[in-house]
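The opening residue of the first sequence carries number 14 in the working numbering; numbering runs sequentially from there.
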Amino acid sequence: MKDIPSRYNPKETEEVLYSQWEKKGLFRSKPDPSRKPFTIVIPPPNVTGILHMGHALNNSIQDILIRWRRMQGANALWVPGTDHAGIATQNVVERKLRGEGRTRQELGREEFIKEVWKWREEHGNTIINQLKRLGVSCDWQRTRFTMDEGLSDAVMEAFERLYDKGLIYRGNYIINWCPRCQTALSDEEAPHIDTEGKLYYIRYPFKKAQGFPQLRSGQARLKAQGVVVATTRPETMLGDVAVAVNPKDRRYKKFIGKKLILPLVGREIDIIADDFVDKKFGTGAVKVTPAHDPNDFEISKRHSLEPVKVMAPDGKMNKNAGRFAGMDRFLAREAILRELKETGLLVKTEKHQHAVGHCYRCHTLIEPYLSFQWFVKMRPLAGPAIEAVKTGKVKFYPKRWTKVYLNWMENIRDWCISRQIWWGHRLPVYYCKNCTKQANELTVDSSPRTKTSLVRGRQLTEKNKGVMVSKVKPERCPECGATDIYQDEDVLDTWFSSWLWPFSTLGWPEKTRDLEYFYPTSTLVTAPEILFFWVARMIISGLEFMKEVPFKDVYLHGTVRDLTGKKMSKSLGNVIDPIDIINEFGSDALRYSMIAITATGQDVFLSREKFEIGRNFANKIWNASRFVLMNTNLSKAKPWTQSVQGLALADRWILSRLTRTVESVTKALDNYRFNEAESIAYDFFWHDFCDWYLEMAKPILADSVERIADRRKITELVLLYVLENSLKLLHPFMPFVTEAVWQNIEERGSIMTEKWPKPDRSLINKEAEKNIELIQSVIISIRNIRSDMNIPHTAMLTVYIVPLKKDGCGKLEEGSEHIKRLARAEKLIIEKTSKKPAQCATAVLEGFNIFVSLEGVIDFKAEKARLRKKMEDIDIKLKFVNKRLKDDNFIKKAPEKIVSMEKEKAARLKEQKDRLKKTLESL
RNA sequence: GGGCGAUUAGCUCAGCUGGUUAGAGUGCUGCCCUCACAUGGCAGAGGUCACUGGUUCAAGUCCAGUAUCGCCCACCA
14 MKDIPSRYNP
24 KETEEVLYSQ
34 WEKKGLFRSK
44 PDPSRKPFTI
54 VIPPPNVTGI
64 LHMGHALNNS
74 IQDILIRWRR
84 MQGANALWVP
94 GTDHAGIATQ
104 NVVERKLRGE
114 GRTRQELGRE
124 EFIKEVWKWR
134 EEHGNTIINQ
144 LKRLGVSCDW
154 QRTRFTMDEG
164 LSDAVMEAFE
174 RLYDKGLIYR
184 GNYIINWCPR
194 CQTALSDEEA
204 PHIDTEGKLY
214 YIRYPFKKAQ
224 GFPQLRSGQA
234 RLKAQGVVVA
244 TTRPETMLGD
254 VAVAVNPKDR
264 RYKKFIGKKL
274 ILPLVGREID
284 IIADDFVDKK
294 FGTGAVKVTP
304 AHDPNDFEIS
314 KRHSLEPVKV
324 MAPDGKMNKN
334 AGRFAGMDRF
344 LAREAILREL
354 KETGLLVKTE
364 KHQHAVGHCY
374 RCHTLIEPYL
384 SFQWFVKMRP
394 LAGPAIEAVK
404 TGKVKFYPKR
414 WTKVYLNWME
424 NIRDWCISRQ
434 IWWGHRLPVY
444 YCKNCTKQAN
454 ELTVDSSPRT
464 KTSLVRGRQL
474 TEKNKGVMVS
484 KVKPERCPEC
494 GATDIYQDED
504 VLDTWFSSWL
514 WPFSTLGWPE
524 KTRDLEYFYP
534 TSTLVTAPEI
544 LFFWVARMII
554 SGLEFMKEVP
564 FKDVYLHGTV
574 RDLTGKKMSK
584 SLGNVIDPID
594 IINEFGSDAL
604 RYSMIAITAT
614 GQDVFLSREK
624 FEIGRNFANK
634 IWNASRFVLM
644 NTNLSKAKPW
654 TQSVQGLALA
664 DRWILSRLTR
674 TVESVTKALD
684 NYRFNEAESI
694 AYDFFWHDFC
704 DWYLEMAKPI
714 LADSVERIAD
724 RRKITELVLL
734 YVLENSLKLL
744 HPFMPFVTEA
754 VWQNIEERGS
764 IMTEKWPKPD
774 RSLINKEAEK
784 NIELIQSVII
794 SIRNIRSDMN
804 IPHTAMLTVY
814 IVPLKKDGCG
824 KLEEGSEHIK
834 RLARAEKLII
844 EKTSKKPAQC
854 ATAVLEGFNI
864 FVSLEGVIDF
874 KAEKARLRKK
884 MEDIDIKLKF
894 VNKRLKDDNF
904 IKKAPEKIVS
914 MEKEKAARLK
924 EQKDRLKKTL
934 ESL
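In C-alpha cells, the structure reads:
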C-alpha cells in the first residue's frame, strides 16, 4: 500500500477499469422475473456527431441513475444507440463527395447510399467510443441504430398501421422547404428566428378598362390608381392570384370584386374579401400567393383560386416567373424591387422585425412551399398522450415542463414526415403506374385550417387508387393486376424512427421477452430542446403501438451554455470539448463538475475552471483513501458490524453522520436532485470525514502503545467502514476513482456490484453529534484566538476550559484528546473551579469559558478589540431577538415551539454577553 | 402576441413544503509545505437576497406589479 502515489492519475486508471467492467459483463442485463427492472433508453445521438457537453451532462445523469439503481439491486438496463440523422448525415457525406469532386446525383441513389453506409462504418462509432470514455455503463451489446434491420422493420410496421387507421395521408400543402437541403421539413425542424427584414409597399394598379375615375394629377391620381399591398417577400408577387382585404374595411369595401393588374406580370387579379386580413397591418390589403404562403394558401382554398408556383425546389425562380426565371430568390427580389422602383410602383420601404423559419440543419432561410407530401394526422393521436400526462402516468421533472408539453400537444399540428433526401427509411409506399394516373390528379382536401382546427386534410383513401402501402414490394396491383409498380422516392423523417425508440430497441413489433420485461422504461433523461421533436412523439407512439406510456418519468436537464449564456455550438466557436476535459482532468472530474453546477433543470454555464472542482475532489478521495489504506492493517480488518463494542465518541459521531448522509443522498436521488445528492456526499466526505474524523483518528493510529491496541483496532474498522460506504455513495457520480480505490482495499470484485448503503437508524446518535459539535466549537474558538492573536502554529498552548454547569466536565472529557491535538494545546485543564489566569485570551461559549494562556505575550489591545467585536456581534443578535419577544403578536400567534426557542436563545445570548462584559472589564 | 426561466458574497451558483446566525465553489486577506492530500490545511473579510407593494406573529422563500437579461412557442402579409 505504501507505493500508492499521492496524486490520483485518471489517465492511467480510467481506461483499464472501463475495459475491466466491460469484460466482466457488468453492464449487461437480461430479463429476470425475480428482480425488478430499471430501464433507460439513451437519447440516440446523431450518428455523424461528436460528443459535446450536452451529451456529457445528459449521459452523466443517466449513468448516475443506472449505477445507483443497479447498486440498489434493480436489474438495470441502459440501451444505447444512435440515430441515422437523415439530413445531417446526407449533408456530411455530400460535402465529403464534393471534396472529391463528385456529387450524389452523379453517383445515383444506390451508390450514394453505399457511400453513406461506408461513412457510417468509419465514423459511426466515434460518438459511442467517446461515450465510453465518460464511463457510462450501457449494455453495449444492445447498441442499436435506427437504420438497422429490426428498427427499420419497426418503422415500416408503424407506417403501415397508421396508414391503415387513416392516420397517414398525403396531400398538397404548404410545407417548410429548405432550398439548400431541397427537402420538406416538419414545423419543428424549421424554428422561427427573429430577423430584421423589410416591409415593401407595392402599388397594384387597377385595370383601366374597369372604368375607374380618370387619372388626374398629383396624389389624388395616385390614390385612384390602385391598391397598395405590403409584403416582406416581393419576389413571391409573381405568383399572386388575388389581393385580399377585410370585408369590413371601409377603405376597400367599394373595391371588392374589382380587378387589378399584377405589376411586372400583367396578369389580371381580383380584389377579394377575407376575414383573415387584419385591417391594422400594413395597408390592410394583402397580396395572395397561395403557393408560397400558408395563410394565402388557406385563403385561396376558400376562394377557389389556383395557386401559381414561381419558384423551383432549389430556390431559383421558375418559368412562371417569366423574365426572372432562373434567378435565385434573393437576386430576383432585388431585380423586382428595382423594376418596381423604376415604374414608380414601389411606394415605400419600412424596416420590419419578424420571425422567419430557418432550416435546423443548415440554417438556410425556409421557403413556405406548396408541395405534395405525406403527413401524420396528429390530433387523434394526441388525445391519449395528453391524458397520460394529466393523469400522472408520465411525470415531468421539473414540473413546469408539463405545461409546455400540454400546450404543444393541445395545439398539435399534423406532422409532415416525407423528406426528399436519400438517406433514411424509404416510404413503404408503392404505386401502380397504371392506376396512379388518377392518383396524381388527387385534389387538395379542403378541410378548414383555422387557429383551433389545424387538421390538414381528411383521409384520401377513396381517391388513393393504385397506392399500396406494404413492407415489401407488391407483385401486382390489387386494383388492375398490373405489375408495373414503383416505390415512392421519399424517405421518412428521422424522428419517425426515433419516436419508436423505447420499444423498437427492445424488439418491437416482435413480442420479445425483452419487450415484455423491460417496457415501459423507467426514466427518460433529456434536454428540453427535443421535448417536441422526440419526447412528446414517443409518448404518442408508445400509447399508440404499445398501449402503454414509454416511460414513467421524464427528467429534463438544462441546456449547456457558455459563460455569456450562449448555447455551445461549433459555429459559435465557444465549445468546450468534453474529451479535452477528460484528457486534462479525468472523466470523474468532468462528471462531478457538470452535476455540481447543474441545479435541477437550470441551464448550465460552463467554463474550463469549473472542472477543477471535480478534479480536486477526486484527488481528495484518492488521498483520504490512501491515508486510510496506509494506516489500517487489512488482513485483520473485518467489515465493521454493529457488534463491535467500545466505540469512542468520534466513532459514534462519524457513524451517525454517515447514516444521515446515506439517508439524504438517497432521498435526493429519489427526487432527481443530483447536485444536492452530490454536495451532501461531498460535504460529508470532505468536511466531516477528512477534516475531522481523520484528524481525530491520527493520534490513535500513530500511537503504537499497547494500551490502545483495542482502540486502534476499532478505529481501523470504523475508518474502513466509513470509507467503503462513502465510496459506494460516490460511485454513481465518480465511478472511476471510487472503483480504483475499492480495488486497492482488498482483492475483491467491483464496487459496481456492491449494495447501495442502507441507513441503519440505530447508528444515529444525537448525543454524540451534539458532543462533537461542542468539541468542534471549542477547537474552533481556540484556533480563532490563535489566529487573531498571531500565535505561531508551532507554539503549544495552555488552555483552561471552565464549565459553568456541574456536568460540563463530563461532556468534554471524552474529547479532550481531540482538543489537545486539533487546537495544539499542550496542557488542557478542564476544571469547574479554574480561575481566569492573569494573562490570557478569552472565548465565551454556550456553557463554557475558555482561557488561552498567553503568558508574556498577551497584547491587551488586540484582545480588547477582539472581545469587543464578539460582543457587538452578540448584541446585534440579542437586540433582534428581544424585539421579537416584546411583540405581543408574536407571543400570541407563533407556535409555542418557536417562542420557547426564541426565549432560550435570548437567555443564551444574554449570558454570553454578560460574561464577555465581565472579561472586558477585568482586562 | 402568448408562455417560461433568471435576478442572493467580487465571480459562478445552491437555498425543496415560509421559522435558530442566508450557504457552497472560486477569487481575495493573513498564517502554515503539520509525517493522506499545496489539486492541501487553519482562520478571516465580503450579502439592504433586483425594485415596489401586499399576505403573515414571521418572507430570499408565498401573492401582485415594475425593471433588466435569457429561453421557448406563434400562419399578421
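Just so you know, even glycine gets a beta-carbon here, dropped at the ideal spot from N, CA and C.
Residue j and residue i - do their beta-carbons sit closer together than 8 Å?
i: T116; j: L90; result: no
i: Y217; j: L175; result: no
i: A781; j: T811; result: no
i: Y940; j: I187; result: Absent from the model: residue 940. The displayed extent of the chain is 14 to 936, so no value can be given.
i: T539; j: N71; result: yes
i: P247; j: I349; result: yes
i: D566; j: T525; result: no
i: L929; j: V894; result: no
i: R342; j: T196; result: no
i: K741; j: M169; result: no
i: S150; j: N636; result: no
i: F864; j: Y813; result: yes
i: P770; j: N738; result: yes
Between the alpha carbons of residue i and residue j, how many angstroms are there, rounded?
i: L344; j: I594; result: 46 Å
i: S935; j: D664; result: 41 Å
i: A222; j: I284; result: Only weak support exists for where A222 lies, its pLDDT of 49 falling under 50; the value from the coordinates is given anyway. Spanning the two alpha carbons is a distance of roughly 15 Å.
i: K292; j: R264; result: 10 Å
i: E557; j: L394; result: 7 Å
i: L825; j: I842; result: 11 Å
i: M765; j: W512; result: 32 Å
i: I904; j: A920; result: 16 Å
i: L180; j: S483; result: 15 Å
i: E25; j: V750; result: 11 Å
i: Y182; j: Q386; result: 8 Å
i: W435; j: V290; result: 40 Å
i: S517; j: K49; result: 21 Å
i: A368; j: T245; result: 11 Å
i: R133; j: D161; result: 12 Å
i: A836; j: E767; result: 39 Å
Leaving out five residues before and five after residue i in sequence, what residues of the same chain have Cβ atoms less than 8 Å from its Cβ?
i: Y761; result: The question names Tyr, but residue 761 in the sequence shown is Arg. Excluding positions up to five away in sequence, the list reads W755.
i: Y214; result: V241, V242, A243, G295, T296, L359, V360, K361, T362 and E363
i: L603; result: A69, S73, L147, P591, I594, I595, F624 and G627
i: K261; result: K292
i: S763; result: Q33, W34, K37, L39, E752, W755 and Q756
Beta-carbon within less than 7 Å of residue i's beta-carbon, same chain only, minus the 5 sequence neighbours each way: which residues are those?
i: G339; result: K329 and M330
i: H136; result: T61
i: W508; result: F546, W547 and R550
i: Q227; result: Bear in mind that the predicted position of Q227 carries a pLDDT of just 44, short of 50, making it too unreliable to give a figure here.
i: M422; result: A395, A398, I399 and A549
Give me the DSSP bridge partner(s) of residue i.
i: R183; result: W387
i: H371; result: L378
i: V812; result: L841 and V865
i: P10; result: Here the chain has residues from 14 to 936 only, and residue 10 is not among them.
i: D207; result: A368
i: R432; result: V504
i: E363; result: L212
i: C445; result: I498
i: V242; result: I215
So, for residue i: in the same chain, excluding its five sequence neighbours on each side, which residues have a beta-carbon less than 6 Å away from its beta-carbon?
i: S449; result: Residue identity check: residue 449 is Thr in the sequence provided, not Ser. Correct list, in chain order: G479.
i: A203; result: N189, G370 and I379
i: I871; result: Q852
Quiz item: Between the stretch 915-934 and the stretch 855-864, are three or more C-beta pairs nearer than 8 Å?
Solution: At 8 Å Cβ cutoff, the stretches touch.
Practice problem: Decide if the stretch 104-115 is in contact with the stretch 144-161; the criterion is three or more beta carbon pairs, one per stretch, under 8 Å apart. | Solution: In short, these stretches do not touch, since the Cβ pair count stays below three.
Quiz prompt | Any 3 or more C-beta pairs closer than 8 Å across the stretch 721-732 and the stretch 681-691 | solution = Below 8 Å, too few C-beta pairs join the stretch 721-732 and the stretch 681-691 to call them touching: fewer than three.
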